[in-house]
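Numbering (the numbering used here), first residue to last: 230 to 751. Beta carbons are placed, not taken as given, at the ideal position from N, Cα and C, and that holds for glycine. Bear in mind the structure is a predicted one, so any value in this text is a computation, not a measurement. The next block holds one structure in the form of structure tokens; read it before the comments.
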């Protein structure tokens, strides 16, 4: 494959040789050798030497003496080997996704592969033909060699050395249209039918097509576009067609290669910038994922205490109802035992649901929500806490506005909020015989508002600002997580939890829940 491709590009270079001295307009063979040796190893260096000798024998014939031909072949092998070694040592990547890779390919190719090959070629041509100076010949050979390397090496590197992307059918279609458009435009420019004044500015139409490919298509499409456009431009100029053909060898070679060099540099630099941007975005996403995981683990650490806090309430209720059931059974009051056992069963389900939600949170699952009427939402909480109100001789007042629309919530989470707030009110009324707690539900615009009021001592003003902070508590055995968890649950439902002291004494907690849009009409 190496020999065949080397011979083909050598034939192409010599076919479009515009002068009688054997100096080609472009010489891509060195780029082929450098790409193959870099990708497949140094064992291909003899194949490079054989292909170079075959091309020299086939196309130069007796124009260059045998000794100079051997020197050219040796220099080509040395340049390719040294270039491949330098690329490996310097950490070059054939993906061309970094500006560093673009710079390495062009600089190493210019200094080693193209530099040595141009030196050997210029020496052989200048020695065989006294009318040519070594300096002028080397300059022309080096420019032709470097231009060929810049056009051919990126295509081989990306197609053979970089993994092929898996774009969608639309991306394939976009790449095909870009390649077809560039070939069409370039073919018209270098067809010879257009006057030079029109063809010259039109030749720059290749730039936006290559830039679009570099920003939107896989790197293989961009390098193919550059090779297709450069190949047509060089072939047309070699045939004496296009805007550069009338300028003469020196001027046309310099002008055309300068334009193609800018085209290649634009495509490769934009490709590298896009690759660096995507790599930076990938690193940022990975970093955010790691931060999110760390945050989740940290939150789980906090919620381990919260789990104990939340489970404590249903477990206490279970113990109370179990003891009550035992007493009722001992006294033979079987008619009252059914209600106690029902509450015992409800408490067990509540504890199990709390554990299930904690596990779902740890696994990153969203809590299950359903549409429920407000009175059905608060009824399990009242059933759970009514014995505690009764045992403490506290009065619980329920004020529900009639015909309230439904809300879509995770019921067990809102029940946890209500239990936390009501238990805080119960604890604030500890030891008071006239204690009263009011639970109210009313509609405000498109929200359902729930409030819990008590006639206790209220909250110390200096504690109001940090009341919802985690681990903020003044209770002797409190964890300081109940209000923090409650606020998080309310905000997760799109609501807001606030607290204030009432003028007549006591504290008031308010939180809102969005109403269902379909039921939000008066």
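_Residue(s) in a DSSP beta bridge with residue 555_ = The sequence position of residue 555 within the chain shown is 326, counting from 1. None; residue 555 has no bridge partner.
_Tell me the rounded alpha-carbon separation between residue 751 and residue 629._
Counting from 1 along the chain shown, the entry for residue 751 is found at position 522. Counting from 1 along the chain shown, the entry for residue 629 is found at position 400. Reliability of the predicted coordinates at residue 751 is poor, the pLDDT of 35 falling under 50, and the value obtained from them is presented with this limitation in mind. Their Cα atoms are separated by approximately 16 Å.
_residue 739 - partner residues in DSSP beta bridges_ = What you label residue 739 is simply residue 510 of the chain shown in a count that begins at 1. DSSP lists 680 and 727 as partners of residue 739.
*Run through DSSP, which three-state label would residue 745 get?*
Within the chain shown, the letter at position 516 stands for residue 745. Three-state DSSP puts residue 745 in coil, outside helix and strand.
*Under the assumption that residue 687 contacts residue 724 (Cβ atoms under 8 Å), give the Cβ distance between them as a whole number of angstroms.*
Position 458 of the chain shown holds residue 687. Position 495 of the chain shown holds residue 724. Rounded, the Cβ-Cβ distance is 23 Å, inconsistent with contact.
*Can you check whether the CB of residue 338 is closer than 9 Å to the CB of residue 301?*
Locating residue 301 in the chain shown gives position 72, counting from the first residue. Locating residue 338 in the chain shown gives position 109, counting from the first residue. In this structure, residue 338 does not lie closer than 9 Å to residue 301 by Cβ.
*Quick check: the region 498-508 against the region 437-444, are there 3 or more CB pairs under 8 Å?*
yes
*So, helix, strand or coil for residue 673, using DSSP?*
Position 444 of the chain shown, counted from the start, is the residue given in the question as residue 673. If DSSP states are grouped into helix, strand and coil, residue 673 belongs with the strands.
*Any contact of the region 328-338 with the region 378-385, i.e. 3+ C-beta pairs under 8 Å?*
yes
*Which residues in the same chain as residue 273 place their Cβ atom closer than 7 Å to its Cβ, once the five residues preceding and following it in sequence are excluded?*
As a working mapping, residue 273 is identified with position 44 in the chain shown. 231, 265 and 266, listed in sequence order.
*So what does DSSP say about residue 643, is it helix, strand or coil?*
Here residue 643 refers to the residue found at position 414 when the chain shown is read from its first residue. Three-state result, residue 643: helix.
_Here's a check: name, in chain order, each residue in its chain whose Cβ is nearer than 8 Å to the Cβ of residue 747, leaving out the five neighbours to either side._
For this step, residue 747 is matched to residue 518 along the chain shown. Since pLDDT at residue 747 reaches only 43, below the 50 mark, its modelled position is unreliable, and no value is offered.
*Residue burial classification, residue 731 (beta-carbon count within 10 angstroms, cutoff 16)*: Here the question's residue 731 lines up with position 502 in the chain shown. So residue 731 ends up on the exposed side.
*Determine, using beta carbons only, whether residue 486 and residue 315 come nearer to each other than 9 Å.*
For this step, residue 486 is matched to residue 257 along the chain shown. For this step, residue 315 is matched to residue 86 along the chain shown. For residue 486 and residue 315, no; Cβs fall outside 9 Å.
_residue 255, DSSP secondary structure in three states_ = Here the question's residue 255 lines up with position 26 in the chain shown. Correct three-state label for residue 255: coil.
_Burial state of residue 364 (16 or more Cβ within 10 Å)_ = Translated into positions along the chain shown, residue 364 becomes position 135. Per the 10 Å Cβ criterion, exposed.
*When burial is assigned at 16 or more other CB atoms within 10 Å of the CB, is residue 459 buried or exposed?*
Position 230 of the chain shown, counted from the start, is the residue given in the question as residue 459. Residue 459 is buried by the Cβ-count criterion.
*May I ask which residues mark the beginning and end of the beta strand (DSSP E) holding residue 624?*
Taking the chain shown and counting its residues from 1, the one referred to as residue 624 is at position 395. Looking at the DSSP string, the run of the beta strand (DSSP E) that includes residue 624 is 624-629.
*Backbone secondary structure at residue 667 - three-state DSSP*: Taking the chain shown and counting its residues from 1, the one referred to as residue 667 is at position 438. Looking at residue 667 - three-state DSSP - the assignment turns out to be strand.
*Just to confirm, does residue 350 get its C-beta within under 8 Å of one of the non-hydrogen atoms of the ligand FAD?*
Ligands displayed in this structure: none; no statement on the ligand FAD is therefore possible.
*Sequence-distant residues of the same chain with beta carbon closer than 8 Å to residue 749, five excluded per side*: Numbered from its first residue, the chain shown carries residue 749 at position 520. Model confidence at residue 749 stands at a pLDDT of 39, short of 50, so the residue's coordinates are unreliable and nothing is read from them.
_DSSP state of residue 751 mapped onto helix, strand, coil_ = Walking along the chain shown from the start, residue 751 turns up at place 522. The predicted position of residue 751 is uncertain, since its pLDDT is 35 and thus under 50; a value taken from the coordinates is nonetheless stated next. In the structure shown, residue 751 sits in coil (DSSP, three-state: anything other than H, G, I, E or B).
*Which same chain residues, not among the five before or five after residue 367, have their C-beta less than 7 Å away from its C-beta?*
Position 138 of the chain shown holds residue 367. The residues are 347, 348 and 351.
_Checking 9 Å against the spacing of the C-beta atoms, do residue 465 and residue 420 come in under that value?_
Along the chain shown, read from residue 1 onward, the residue named residue 465 stands at position 236. Along the chain shown, read from residue 1 onward, the residue named residue 420 stands at position 191. In this structure, residue 420 lies closer than 9 Å to residue 465 by Cβ.
*Rounded to whole angstroms, what's the CA-CA distance from residue 452 to residue 387? Just pull it up for me.*
The count along the chain shown starts at 1 and reaches residue 452 at position 223. The count along the chain shown starts at 1 and reaches residue 387 at position 158. In a straight line, the C-alpha of residue 452 is about 8 Å away from that of residue 387.
*asked:* Assuming contact is defined by CB atoms lying nearer than 9 Å, are residue 738 and residue 684 in contact in what I supplied?
replied: In the chain shown, residue 738 corresponds to position 509, counting from 1. In the chain shown, residue 684 corresponds to position 455, counting from 1. Their beta carbons are not under 9 Å apart, which means residue 738 does not touch residue 684 by this criterion.
*The alpha helix (DSSP H) with residue 327 in it runs from where to where?*
One-based indexing of the chain shown puts residue 327 at position 98. From DSSP, residue 327 is part of no alpha helix (DSSP H); its letter is neither H nor E.
*Shortest alpha-carbon distance to residue 695 belongs to which of 619, 678 and 713?*
Working through the chain shown from its first residue, we reach residue 695 at position 466. Selected option, being the one with the closest Cα: 713.
_Exposure label - residue 406; buried when at least 16 CB within 10 Å_ = Locating residue 406 in the chain shown gives position 177, where the first residue counts as 1. Exposed is the call here.
*Backbone secondary structure at residue 688 - three-state DSSP*: Translated into positions along the chain shown, residue 688 becomes position 459. Coil, per DSSP.
*Is it true that the CB of residue 323 sits closer than 9 Å to the CB of residue 389?*
Within the chain shown, residue 389 is the residue found at index 160, counting from 1. Within the chain shown, residue 323 is the residue found at index 94, counting from 1. Contact: yes.
*With distances taken from CA atoms, which of 569, 547 and 546 is nearest residue 557?*
Residue numbering aside, residue 557 sits at position 328 when the chain shown is read from its first letter. Looking at the Cα atoms, 569 is the closest of the given residues.
_Just to confirm, is the Cβ distance from residue 618 to residue 666 under 9 Å?_
Locating residue 618 in the chain shown gives position 389, counting from the first residue. Locating residue 666 in the chain shown gives position 437, counting from the first residue. Cβ atoms of residue 618 and residue 666: closer than 9 Å.
*Compare the C-alpha of residue 578 against each of 691, 555, 609 and 600 and name the closest.*
The sequence position of residue 578 within the chain shown is 349, counting from 1. The option with the nearest alpha carbon to residue 578 is 609.
*Note down, in chain order, each residue of its chain lying with its Cβ closer than 6 Å to the Cβ of residue 242, except the 5 sequence neighbours on either side.*
As a working mapping, residue 242 is identified with position 13 in the chain shown. If we look at residue 242 and ignore the five residues flanking it on each side, its Cβ neighbours are 253, 255 and 256.
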